[in-house]
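Have a look at the structure below before the remarks.
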Amino acid sequence: MLTRELVEERSFFDGLAVQPADGLLGLIGMYRADPQPGKIDLGVGMFRDDLGRTPVMRAVKAAEAMLLRDQETKSYLGAEGDLRFVELLAGVAFGTGADRLVGVQTPGGTGALRLGAELIARSRPGAAVWIGTPTWPNHAPIFRDSGLAIQTHRFFDVASAEIDFEAMIEDLAQARAGDVLLLHGCCHNPTGADFTAEQWQEIGRLCESRGLLPFIDLAYQGLGDGLAADAAAMRGLLGALPEAVIAYSCDKNFGLYRERVGALWVQSDASDLVRGNVLALARSIWSMPPDHGAAVVRLVLENAALRADWAAELDAMRARINGLRMALAASHERLAAIGNQRGMFALLPLGPDAVEALRRERGIYMAGNGRINIAGLTLDNIPAFVAGLAPYLS
Ligand code: LMR
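So the sequence shown is numbered by the working numbering: it starts at 267 and just counts up by one.
Given below as structure tokens:
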């Protein structure tokens, strides 16, 4: 029998391992606490305007005012969330061809990724998920914590900042039927390097011939080349393959970051079976998704004037990012490839020591792997940024 002393010394939680702090989210606090004048925040992926602000979008503000004025109840909706939101967002994501898709609202894109991962784990326990490296640092933990096996494949050459498609195909030769292939629909995070239309077609053929399930993470629609252009690769894949999973985030294209607005869609002929399991899983994880942000997106998308204003503001956000991208690409020969990439991010060929030195000595904040959020720059501070960077670009 344990003595009282022994019982008191032991914690129920001593089986837990110490966890490192989240490298990306930790940058928010570090930047805030840094007193250096002229500091530059290129850390977490949030759109910023010329003044460094992440504004609430105009149409979102207007929809929030409507919601405050007109909403009469906050009664429960159900595990699927706001289905009108899901339907309208499907129109944005898929155009008109969404009829073979089962969709539910999720707490952000992360919620969608997790729900999709749990669904796969339920159907194929321990299935392998192929993830191209580098990727968003939360991808592997989401799939791993759902009980899936992680396999990595090459796809990007950091030194030349270009896609190495041959390496990707070579690595994926090891993939087996029933494995999952994670793909960034557009605006790759962290590299900014997206596949060409031909490469997407080859990925589709690979999935078909080897029996791989594509799992598409679409978190930046509208911030690359436009709403339809950024969805084109995903739409092509859905047309070519019988089954696919899509995790969608409204964080960036509606600027709703902390409201946690996303959706999961599954394309499958077994739609009733899929829907029942998706709802059962959502019910046991979060029961119902938070409503506010999704209700706002629904209002924006169903009101023609708000929708047009949202699309116009998104166009302006994209133009700002792409303008900064071009200015950065022109500022140094080692940064030229950035001009061919899209979305918020670029991956600089910097080691951890350089990233650390830039933060300490220049107040330049970026992710530990050298990823920068281009929207954190301004045309005014690009020269100072590149001057700080230049000694590290061989
Ligand atoms: C990022 O990659 O910076 C964003 O997607 C924020 C996050 O959740 O990591």
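C-beta atoms are modelled at their ideal positions from N, C-alpha and C, and glycine is treated no differently. Predicted model only: the values in this text are computed from it and were never measured.
In this structure, the CA atom of D619 is about 46 Å from the CA atom of A345. The nearest non-hydrogen atom of the ligand LMR is less than 7 Å from the C-beta of N455.
A straight line joining the alpha-carbon of R541 with that of S534 spans about 10 Å. No residue range can be given for D348, since it is assigned to no beta strand (DSSP E) and is classified by DSSP as neither H nor E.
Distance between G444 and W396, taken at the CA atoms: about 11 Å.
In the same chain as I630, and ignoring 5 residues on each side of it, the C-beta atoms closer than 6 Å to its own belong to I306, L624, G654, in chain order. Judged by DSSP in its simplified three-state form, S515 adopts strand.
With respect to A459, I429 sits close: the two C-beta atoms are nearer than 8 Å. For N404, the distance from the CB to the nearest heavy atom of the ligand LMR is below 7 Å. A Cβ-Cβ distance of about 39 Å is found for the pair H598 and V511, leaving them out of contact under the 8 Å criterion. The beta strand (DSSP E) runs of length 3 or more contained entirely in the segment 296–381 are, from start to end of the chain, 306–308, 367–372.
DSSP, read as helix, strand or coil, puts M434 in helix.
For G528, the three-state secondary structure derived from DSSP is strand.
Contact residues of the ligand LMR (beta-carbon closer than 5 Å to any heavy atom; chain order) are L290, V310, G311. Linking R388 to D496 through their CA atoms gives a straight-line distance of about 31 Å. Counting only the Cα atoms, A463 lies some 16 Å from L507. When secondary structure is reduced to three states using DSSP, A485 falls in the coil class, being assigned neither helix nor strand. Pairing W402 with P456 gives a Cβ-Cβ distance under 8 Å. For the 8 Å CB-CB criterion, G642 and R298 do not form a contact. DSSP, read as helix, strand or coil, puts M592 in helix. Under the 8 Å Cβ criterion, the segment 288–297 counts as touching the segment 633–648, having at least three qualifying pairs. Per the C-alpha coordinates, the member of L379, V424, D280 positioned closest to L601 is V424.
With contacts defined as CB atoms closer than 8 Å, L355 and M554 fail to qualify as a contacting pair.
Just so you know, the alpha carbons of S537 and R608 end up roughly 34 Å apart.
Annotation for F651: the continuous alpha helix (DSSP H) segment containing it runs 648–655. Taking 8 Å as the cut-off, the beta carbon of I416 is found no closer than this to the beta carbon of L449. One Cα belongs to E525, the other to D348, and the distance between them is close to 14 Å. Its Cα nearest to that of A329, the residue E568 stands out among D581, E568, A494.
Separation of I640 and R584 (C-alpha to C-alpha, rounded to the nearest whole angstrom) is 11 Å. Counting along the chain, no alpha helix (DSSP H) covers G398; the unbroken beta strand (DSSP E) around it starts and ends at 394–399. Burial state of E384 is buried, judged by a 10 Å Cβ sphere holding 16 or more other Cβ atoms. DSSP, reduced to helix, strand and coil, places R626 within a helical segment of the structure shown.
Looking at the DSSP output, M632 shares a beta bridge with L308. The segment 469–476 and the segment 365–373 do not touch, with fewer than three beta-carbon pairs separated by less than 8 Å.
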